[in-house]
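Before any comments, here is the structure.
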Amino acid sequence: MCNDFVTPENWAFTSSTHWPSLKSMPKCRFLDVRITGLVTCVPPHEKCIDDELELFGGNMQQLKRLKKTIGLHKRRVVDADTTAADLCEQAARRLIEETAVELAQIDAVICVTQTPDYSQPCNAAVLHGRLGLLKDCAALDVNLGCSGYVYGLWLAHTMIASGGCERVLLLAGDTISRLVHAKDRAVAPLFGDGGSATLIERSAGAPAAFFSLQTDGSGYDKLMVPAGGARQPCSAATSLVAEDAAGNIRSPENLFMDGAEIFNFSITEEPKSVTELLEYASVEAGAVDFYVFHQANRYILGNIAKRLKLDPAKVPMETVERFGNQSSASIPSAICGELSATLAGCDSAQMLLSGFGVGLSWASALVEFRDLSVCELIDYTS
Amino acid sequence: MELDTFIKHFEDAVEDLESGILTPETSFKDLKSWDSLAVLTVTDAMDMEYAVTLRKADFESAATVVQLFEIVQSKLTK
Numbered sequence: 001m002c003n004d005f006v007t008p009e010n011w012a013f014t015s016s017t018h019w020p021s022l023k024s025m026p027k028c029r030f031l032d033v034r035i036t037g038l039v040t041c042v043p044p045h046e047k048c049i050d051d052e053l054e055l056f057g058g059n060m061q062q063l064k065r066l067k068k069t070i071g072l073h074k075r076r077v078v079d080a081d082t083t084a085a086d087l088c089e090q091a092a093r094r095l096i097e098e099t100a101v102e103l104a105q106i107d108a109v110i111c112v113t114q115t116p117d118y119s120q121p122c123n124a125a126v127l128h129g130r131l132g133l134l135k136d137c138a139a140l141d142v143n144l145g146c147s148g149y150v151y152g153l154w155l156a157h158t159m160i161a162s163g164g165c166e167r168v169l170l171l172a173g174d175t176i177s178r179l180v181h182a183k184d185r186a187v188a189p190l191f192g193d194g195g196s197a198t199l200i201e202r203s204a205g206a207p208a209a210f211f212s213l214q215t216d217g218s219g220y221d222k223l224m225v226p227a228g229g230a231r232q233p234c235s236a237a238t239s240l241v242a243e244d245a246a247g248n249i250r251s252p253e254n255l256f257m258d259g260a261e262i263f264n265f266s267i268t269e270e271p272k273s274v275t276e277l278l279e280y281a282s283v284e285a286g287a288v289d290f291y292v293f294h295q296a297n298r299y300i301l302g303n304i305a306k307r308l309k310l311d312p313a314k315v316p317m318e319t320v321e322r323f324g325n326q327s328s329a330s331i332p333s334a335i336c337g338e339l340s341a342t343l344a345g346c347d348s349a350q351m352l353l354s355g356f357g358v359g360l361s362w363a364s365a366l367v368e369f370r371d372l373s374v375c376e377l378i379d380y381t382s
Numbered sequence: 383m384e385l386d387t388f389i390k391h392f393e394d395a396v397e398d399l400e401s402g403i404l405t406p407e408t409s410f411k412d413l414k415s416w417d418s419l420a421v422l423t424v425t426d427a428m429d430m431e432y433a434v435t436l437r438k439a440d441f442e443s444a445a446t447v448v449q450l451f452e453i454v455q456s457k458l459t460k
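This is the structure we're talking about:
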């Protein structure tokens, strides 16, 4: 990481007289920074809701409704020996190989995850060592989930625009399947796993990238793992499972989701966030080539698209049915899994990326993809 | 906001519900197809049709279709 922190002339934030000042939320734009390539790694083991009729008390009608309406189908999950760091490492190795970036050129590694290998040290440091990066390289984790990929991109852009970095390696991945209780219908059939690696670098003449970041911490308990942190350490008591009013079984060490509240949050905040970012960037909705939302489930995706009156062909939605909700890896997974051929065949593409979830936290980015060295989805091999 | 229209939207929102089966006094939670998915789809329908956000507590406090109608109506007038 270079020591020259002189602010480049090209940086710009909302305080700029050329851009509207929106005091209600942080919005910013960056110039001369671009995404060079991205790779997503998924575990090979596949689960299918058709094999889980027992979870729904043998109610085939309910299972069919969930498949049809929510879009639950298949998901890829890790085995007990594989972590998000493993998936991210394999994605990073492929990315480094395909972009031909030298390890010495990477000034920082950011790891976005809520399923790190250890409570200490952070995954970024562990992966820094495993990838053999140089000592002149910052490494830090970001503890965010479904909004985390966009937050990670924003942080990488910020680090480059500040003058501190030339190239940032962003790793975003989670293994939420290991946090859900198998008998919790509200979450067990939803979540899959994935890890991603994205290279972001300074690039003179790169078009502007726009970001907005938002939080509603009053909803922190709507999607959470109550036990396992300092507030409620794991104990014999926290490992005990209980059945809730809806018949779902979990312990405080498992992921809890208030589905109705998360749904309300998604359909209320997401369309607003996207609309406001487009206004800020002065870009017409129709000028965006693809809207890549966090792959929560097809129902939420369809709803957001409907409320924004988007052309469904511009909104990837198949990823969640193939791989499940992959938390911080879902946006790169949708790009690599559904759009790589299209992106390879065009000079550039205007992409609106938007993640929302645990926090409650949401973030949107409007970025142009141009000349990607790699955009690939790979299977994890142990 | 008319009760008949509200019932139609409710019917349309819940999968596998035959048309005409609902009355104002129907205990909707006793319907065979009433589950957490139906909560989502009805919430969605009310938001789309009336721009009203229903919360978990609203579903908990209403027992019949007309009681849910009254909750939506009260939110409309706020």
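Top line first, the protein sequences correspond to chains R and B.
So in my numbering, the last spot in the first sequence is 382, and the numbers never skip.
So in my numbering, the last spot in the second sequence is 460, and the numbers never skip.
Each residue gets a CB set at the ideal place from its N, CA and C atoms; glycine is no exception.
From residue i to residue j, what does the alpha carbon distance come to, in whole angstroms?
i	j	result
tryptophan 362 of chain R	cysteine 28 of chain R	15 Å
threonine 405 of chain B	glutamate 384 of chain B	13 Å
glutamate 284 of chain R	alanine 209 of chain R	15 Å
serine 348 of chain R	alanine 427 of chain B	38 Å
alanine 161 of chain R	tyrosine 299 of chain R	37 Å
histidine 18 of chain R	alanine 204 of chain R	With a pLDDT of only 44 at histidine 18 of chain R, under 50, the local geometry of the prediction cannot be trusted, and the value read off the model is given with reservation. If you take the alpha carbons of histidine 18 of chain R and alanine 204 of chain R, they lie about 20 Å apart.
glycine 71 of chain R	leucine 277 of chain R	28 Å
serine 328 of chain R	threonine 113 of chain R	7 Å
asparagine 325 of chain R	phenylalanine 388 of chain B	33 Å
tryptophan 416 of chain B	valine 396 of chain B	8 Å
glutamate 318 of chain R	glutamate 338 of chain R	8 Å
cysteine 41 of chain R	valine 447 of chain B	47 Å
alanine 242 of chain R	lysine 438 of chain B	21 Å
alanine 236 of chain R	valine 142 of chain R	29 Å
aspartate 386 of chain B	alanine 245 of chain R	31 Å
alanine 188 of chain R	leucine 66 of chain R	13 Å
leucine 131 of chain R	glutamate 89 of chain R	7 Å
alanine 136 of chain R	aspartate 107 of chain R	Here the sequence assigns aspartate to residue 136 of chain R, which means alanine is not the residue at that position. Cα-Cα distance, rounded: 7 Å.
lysine 68 of chain R	glutamate 321 of chain R	11 Å
histidine 391 of chain B	lysine 306 of chain R	17 Å
histidine 73 of chain R	glycine 129 of chain R	37 Å
glutamate 393 of chain B	alanine 182 of chain R	32 Å
phenylalanine 369 of chain R	alanine 313 of chain R	18 Å
threonine 275 of chain R	proline 316 of chain R	18 Å
valine 180 of chain R	aspartate 221 of chain R	16 Å
aspartate 216 of chain R	glycine 163 of chain R	31 Å
glycine 302 of chain R	proline 271 of chain R	12 Å
leucine 134 of chain R	alanine 104 of chain R	6 Å
arginine 202 of chain R	glutamate 376 of chain R	22 Å
leucine 87 of chain R	isoleucine 200 of chain R	19 Å
Can you tell me whether residue i is buried or exposed, with buried defined as 16 or more other CB within 10 angstroms of its CB?
i	result
serine 21 of chain R	Only weak support is given to the placement of serine 21 of chain R: the predicted model assigns it a pLDDT of 47, under 50, and the value that follows is read from those uncertain coordinates. Counting Cβ neighbours within 10 Å, serine 21 of chain R comes out exposed, since fewer than 16 surround it.
serine 177 of chain R	buried
arginine 231 of chain R	exposed
leucine 366 of chain R	buried
tyrosine 280 of chain R	buried
phenylalanine 451 of chain B	buried
glycine 58 of chain R	exposed
isoleucine 304 of chain R	buried
asparagine 297 of chain R	buried
tyrosine 391 of chain R	Beyond the ends of chain R as shown, which are 1 and 382, falls residue 391 of chain R; an answer cannot be given.
leucine 240 of chain R	exposed
methionine 257 of chain R	buried
serine 409 of chain B	exposed
glutamine 61 of chain R	exposed
tyrosine 291 of chain R	buried
proline 252 of chain R	buried
isoleucine 453 of chain B	buried
Can you check the segment 134-219 of chain R for any alpha helix (DSSP H) of at least 4 residues that lies completely inside it and give the ranges in chain order?
148-161
In chain order, each beta strand (DSSP E) run of at least 3 residues that lies wholly inside the segment 260-307 of chain R:
290-293
Output, in sequence order along the chain, the residues in the segment 422-445 of chain B whose CB is closer than 9 Å to any CB in chain R.
Residues of the segment 422-445 of chain B with a Cβ closer than 9 Å to any Cβ of chain R, in chain order: Leu422, Thr423, Thr425, Asp426, Asp429, Met430, Thr435, Leu436, Arg437, Lys438 and Phe441.
Touch check for the segment 350-359 of chain R and the segment 144-151 of chain R: three-plus C-beta pairs under 8 Å?
A contact exists between the segment 350-359 of chain R and the segment 144-151 of chain R.
Below 8 Å, can you find three or more Cβ-Cβ pairs linking the segment 69-84 of chain R to the segment 32-49 of chain R?
yes
Name, going along the chain, the residues of the segment 42-71 of chain R whose beta-carbon falls closer than 8 Å to a beta-carbon of chain B.
So the close ones are Gln61, Gln62, Arg65, Leu66, Lys68, Thr69 and Ile70.
Please confirm if the segment 109-123 of chain R is in contact with the segment 172-187 of chain R, defined as three or more CB-CB distances below 8 Å between the two stretches.
Verdict: yes, contact present.
Enumerate, from N- to C-terminal direction, the unbroken alpha helix (DSSP H) stretches of 4 or more residues contained entirely within the segment 302-339 of chain R.
319-323 and 330-334
Take every Cβ of the segment 97-117 of chain R, pair it with every Cβ of the segment 257-272 of chain R, and state whether three or more of those distances are shorter than 8 Å.
no
Taking only runs of the alpha helix (DSSP H) that begin and end inside the segment 421-455 of chain B, which ones reach a length of at least 4 residues, in chain order?
Within the segment 421-455 of chain B, the runs of alpha helix (DSSP H) that reach at least 4 residues and sit entirely inside it are, in chain order, 438-443.
Which residues, taken in chain order from the segment 252-268 of chain R, show a beta carbon closer than 9 Å to some beta carbon of chain B?
Cβ proximity to chain B below 9 Å picks out Asp258, Gly259, Ala260, Glu261, Phe263, Asn264, Ile267 and Thr268 from the segment 252-268 of chain R.
Going along the segment 182-210 of chain R in order, which residues come within less than 9 Å of chain B, judged by CB to CB distance?
Arg185 and Ala186
Please identify, using Cβ separations under 9 Å, the residues of the segment 409-420 of chain B that lie next to chain R, in order along the chain.
Against chain R - using a Cβ distance shorter than 9 Å - the residues of the segment 409-420 of chain B are Lys414, Ser415, Asp417, Ser418, Leu419 and Ala420.
For the segment 41-111 of chain R, list the alpha helix (DSSP H) runs that are entirely contained and at least 4 residues long, ordered along the chain.
60-65 and 84-99
Could you name the residues of the segment 391-409 of chain B whose beta carbon sits closer than 8 Å to any beta carbon of chain R, in the order they occur along the chain?
Glu397 and Asp398
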